[in-house]
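Asks: Numbering (the working numbering), first residue to last: 1 to 288. Here it is, the structure in full.
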Amino acid sequence: MPELPEVETIARGLASRVAGDVIDSVWLGAKPEPLKSTAADIIATLESKRIAQVRRIGKHLVFDLESRGPASLPVGRGSAPKARTSAPRSRAAQWIVHLGMTGRMLVCQADEPVAKHTHAIAHLASGRELRFVDPRRFGRLSVAHGFRAPGSEPLEVEGECFVKLFGGRKTPIKSALLNQKLLSGVGNIYADESLFRAAVRPQRRAASLTRRELRRLYRAVQEVLEEAIALGGSSVSDYVDADGEEGFFQLQHRVYGRAGEPCLVCKTPIKRRVIAGRSSHYCPRCQH
Numbered sequence: 001m002p003e004l005p006e007v008e009t010i011a012r013g014l015a016s017r018v019a020g021d022v023i024d025s026v027w028l029g030a031k032p033e034p035l036k037s038t039a040a041d042i043i044a045t046l047e048s049k050r051i052a053q054v055r056r057i058g059k060h061l062v063f064d065l066e067s068r069g070p071a072s073l074p075v076g077r078g079s080a081p082k083a084r085t086s087a088p089r090s091r092a093a094q095w096i097v098h099l100g101m102t103g104r105m106l107v108c109q110a111d112e113p114v115a116k117h118t119h120a121i122a123h124l125a126s127g128r129e130l131r132f133v134d135p136r137r138f139g140r141l142s143v144a145h146g147f148r149a150p151g152s153e154p155l156e157v158e159g160e161c162f163v164k165l166f167g168g169r170k171t172p173i174k175s176a177l178l179n180q181k182l183l184s185g186v187g188n189i190y191a192d193e194s195l196f197r198a199a200v201r202p203q204r205r206a207a208s209l210t211r212r213e214l215r216r217l218y219r220a221v222q223e224v225l226e227e228a229i230a231l232g233g234s235s236v237s238d239y240v241d242a243d244g245e246e247g248f249f250q251l252q253h254r255v256y257g258r259a260g261e262p263c264l265v266c267k268t269p270i271k272r273r274v275i276a277g278r279s280s281h282y283c284p285r286c287q288h
């Protein structure tokens, strides 16, 4: 499942290509699973709307929409807005896309063949199309006004707030990091990588971490996410960005997916352990 760095990368790529374009019409497939809002609501909200910007909120892509007017922004020009810093207009209509496990948002020419498992097509005034493709149908499409993530933004949360979020919790710290009601956007890959850098074992109870360890984990989470965004995310499955390019952060993984391989720091074999149904990777010597 795409995590925060992958969704941020996709959002920036989409923003640079379709911000300012207008959605002329919308086609939705017959499969009901991808639709979190009704088909009628999605079509009514999207059609004849200009895409003001594309941002990331948590693990969601958010298309901020505005009514079509005489002034139009240049399509595909300028720098992409950064998702975590842009605030939506009050009560502005929004198209919310959660990519699930295998979802993709593709910008295509209208004459390109439509891929199998395409569940939505937004026909743009520029002659291009935005297509949502999702073979496993775990992704979700919805519309909203003033969409908010359930938890704190990992790249904006203050250190003291981070300590309060996790201090005293009885769950394993790995499970707490994956709780989207606490932090929205951190997933399995980046939880493992952050815990390694913070020298904390994933199975430790959050309540057992000292204030110093929590502050160290806070810095590690931000460093890992920023580095992953800079490298375009991690392509460990079928993830590609808005241009169809793979990310490179998987080449920097220190523990995730490396069970049995030597730790890059101390050469101890990396261990894998299932915590609350999720695979966790850690170094038994470097992490305590």
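By construction, the Cβ of each residue, glycine as well, lies at the ideal position given by its N, Cα and C atoms.
Going by the CB atoms, is the gap between residue 184 and residue 58 shorter than 7 Å?
Replies: A contact, by the Cβ cut-off of 7 Å.
Asks: Taking residue 137 as the reference, give the member of 117, 155, 146 with the closest Cα.
Replies: Nearest option by C-alpha distance: 117.
Asks: Quick check: the Cα distance between residue 191 and residue 178, rounded to an integer number of angstroms?
Replies: Approximately 7 Å, taken between the alpha carbons.
Asks: Between residue 26 and the rest of its own chain, which residues show a CB-CB distance below 8 Å, the 5 nearest in sequence each way excluded?
Replies: Taken in chain order, the residues that qualify are 42, 43, 46, 47, 120, 121, 122, 123.
Asks: Report all residues from its chain with a CB closer than 7 Å to the CB of residue 31; omit the five preceding and five following residues, and keep chain order.
Replies: Within the same chain, residue 31 has close Cβ partners 119, 137.
Asks: Just the Cα atoms here: how many angstroms apart are residue 6 and residue 210?
Replies: Looking at the two C-alpha atoms, the distance is approximately 31 Å.
Asks: In the DSSP assignment, find the alpha helix (DSSP H) that holds residue 16 and state where it starts and stops.
Replies: From DSSP, the alpha helix (DSSP H) with residue 16 extends over 4 to 18.
Asks: Can you give the beta carbon distance from residue 252 to residue 227, rounded, assuming they're within the 8 Å contact cut?
Replies: Between residue 227 and residue 252 the Cβ distance is about 7 Å, and since that is below 8 Å, they are a contact.
Asks: Considering just the uninterrupted stretch of the alpha helix (DSSP H) at residue 285, what are its terminal residues?
Replies: Note, residue 285: premise wrong, no alpha helix (DSSP H); not H, not E.
Asks: Given this structure, state the Cα-to-Cα distance separating residue 263 from residue 279, to the nearest angstrom.
Replies: Rounded to whole angstroms, residue 263 to residue 279 spans 17 Å at the Cα level.
Asks: For the region 128 to 136 against the region 194 to 207, do three or more pairs of beta-carbon atoms, one drawn from each stretch, fall closer than 8 Å, so that the two count as touching?
Replies: Not touching, per the Cβ criterion.
Asks: Could you pull the start and end residues of the alpha helix (DSSP H) that residue 234 belongs to?
Replies: Run containing residue 234: none; DSSP gives neither H nor E here.
Asks: Pick from 51, 152, 36, 111: whose alpha carbon is nearest that of residue 98?
Replies: Ranking 51, 152, 36, 111 by Cα distance to residue 98 puts 36 first.
Asks: By the 10 Å Cβ neighbour count, where 16 or more other Cβ atoms means buried, how is residue 111 classified, buried or exposed?
Replies: Its Cβ having fewer than 16 others within 10 Å, residue 111 is exposed.
Asks: Quick one, are the C-beta atoms of residue 270 and residue 259 less than 7 Å apart?
Replies: Yes, these two residues count as a Cβ contact at 7 Å.
Asks: For residue 293, count neighbouring C-beta atoms within 10 Å of its own C-beta (all shown protein chains included) and say buried if the count is 16 or more, exposed if not.
Replies: Examination of residue 293 is not possible in this model, given that the chain is present from 1 through 288 alone.
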